[in-house]
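According to our numbering, the sequence shown holds residues 1 to 236 in order.
Below you'll find the structure, written out as structure tokens, and then a few comments.
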Amino acid sequence: MTLPNLTPQGADVALDPMQGTLNDRIRTLAVACGGYALDAPDSFARVDAVPDPWAWDGAQSSMIIPESRANAGSGVAPSVGLNINILALDLGTKTGYALRRRDGAMRYGTVDFTPRKSWTPGQRWARFRGWLADTVATFQIDAIVYERVVFGHSSAASSDVYGGFKALVELAADTHSLTLSSVAVPTVKKHFTGSGRADKDAMMAQAKARGFSPDSHNAADALAILHWAVDQERKA
Numbered sequence: 001m002t003l004p005n006l007t008p009q010g011a012d013v014a015l016d017p018m019q020g021t022l023n024d025r026i027r028t029l030a031v032a033c034g035g036y037a038l039d040a041p042d043s044f045a046r047v048d049a050v051p052d053p054w055a056w057d058g059a060q061s062s063m064i065i066p067e068s069r070a071n072a073g074s075g076v077a078p079s080v081g082l083n084i085n086i087l088a089l090d091l092g093t094k095t096g097y098a099l100r101r102r103d104g105a106m107r108y109g110t111v112d113f114t115p116r117k118s119w120t121p122g123q124r125w126a127r128f129r130g131w132l133a134d135t136v137a138t139f140q141i142d143a144i145v146y147e148r149v150v151f152g153h154s155s156a157a158s159s160d161v162y163g164g165f166k167a168l169v170e171l172a173a174d175t176h177s178l179t180l181s182s183v184a185v186p187t188v189k190k191h192f193t194g195s196g197r198a199d200k201d202a203m204m205a206q207a208k209a210r211g212f213s214p215d216s217h218n219a220a221d222a223l224a225i226l227h228w229a230v231d232q233e234r235k236a
């Protein structure tokens with residue numbers, strides 16, 4: 001597989017749902033890109049030219065706007081053959097996400113839903129539901145793709161969290177009339193790295209080779225899911 005030579009994208013600390021929503025301190029920056037204006041936090045600073053890692057026939061020029069507030073790679077790139085806004089999810093207590101809008105704007109990172117002592121039993125679900133609804137609305141998501149995981153008997157806690165979040169994703173898709181699909185873990189790994197048995201380090205290395213700076217293997221997995229989803233959409 002030939003990979004474009006990409007300038008690394010910045011990422012900082014994990015996004016904490018306790019700090020508010022993605023609408024926090026949002027202002028609109030007019031970015032000349034297909035008639036769209038990219039919504040961006042006040043902390044967005046410089047603009048660098050980088051290629052689009054999902055461009056057809058090699059890399060194309062684009063813009064990346066680093067964000068210092070949260071762990072979210074963010075950028076704007078021209079879109080070729082893609083007319084929907086896609087959100088990819090690696091579901092879990094530390095959920096990895098990656099989204100790409102039809103104008104090429106990208107955002108990725110990790111959201112930590114680890115329960116705090118002050119949380120009631122339903123707080124984890126309420127906070128995930130709120131974060132997901134806010135993300136769908138803010139970025140006008142059309143389709144959600146999540147990784148389909150099969151757990152063993154020793155993973156009861158992880159299975160419970162995954163199942164709860166999966167149910168909320170299904171509910172959000174139904175509520176907002178979104179296209180919903182899932183993809184098996186080996187399929188994502190093979191599509192992203194060439195091996196269906198790639199481990200976490202290999203997935204992280206591949207994400208970095210494509211110019212991203214994921215803060216966790218969850219974010220790297222979400223980027224891999226998005227990579228698969230974009231490819232499927234372009235083939236459709």
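Yeah, the Cβ is synthetic: ideal placement off N, Cα and C, and Gly gets one too.
Predicted, not measured: the structure shown is a model, and the values here were computed from it.
| query | result |
| --- | --- |
| Chain-order list of residues whose beta-carbon lies under 6 Å from that of residue 193 (same chain, five-residue window excluded) | 202 and 206 |
| Beta carbon of residue 101 nearer than 7 Å to that of residue 83 | no |
| Identity of the residues DSSP links to residue 147 by a beta bridge | 183 |
| C-alpha gap between residue 106 and residue 99, whole angstroms | 6 Å |
| Distance between residue 189 and residue 224 (C-alpha atoms, nearest Å) | 7 Å |
| C-alpha gap between residue 231 and residue 118, whole angstroms | 42 Å |
| Cβ-based neighbour list, residue 182, same chain, cut-off 8 Å, excluding 5 preceding and 5 following | 145, 146, 147 and 148 |
| Cβ pair count under 8 Å reaching 3, the stretch 208-218 against the stretch 171-179 | no |
| Spatial neighbours of residue 116 in its chain, beta-carbon cut-off 7 Å, leaving aside the 5 residues before and after | none |
| Neighbourhood of residue 166 by C-beta, 8 Å cutoff - its chain only, sequence neighbours within 5 removed | 91 and 146 |
| Cα-Cα separation, residue 172 to residue 132 | 8 Å |
| Helix, strand or coil at residue 130 [DSSP, three-state] | helix |
| Where residue 94 sits in the DSSP three-state scheme | strand |
| Inter-residue Cα distance where the pair is residue 64 and residue 236 | For residue 64, the pLDDT reaches just 31, beneath the cut-off of 50, and the residue's location in the model is therefore unreliable, although a value from the coordinates is still provided. Residue 64 and residue 236: Cα-Cα distance of roughly 28 Å. |
| Distance, residue 129 Cα to residue 191 Cα | 29 Å |
| Continuous beta strand (DSSP E) stretch holding residue 174: start and end | No beta strand (DSSP E) contains residue 174, which is instead part of the alpha helix (DSSP H) from 156-175. |
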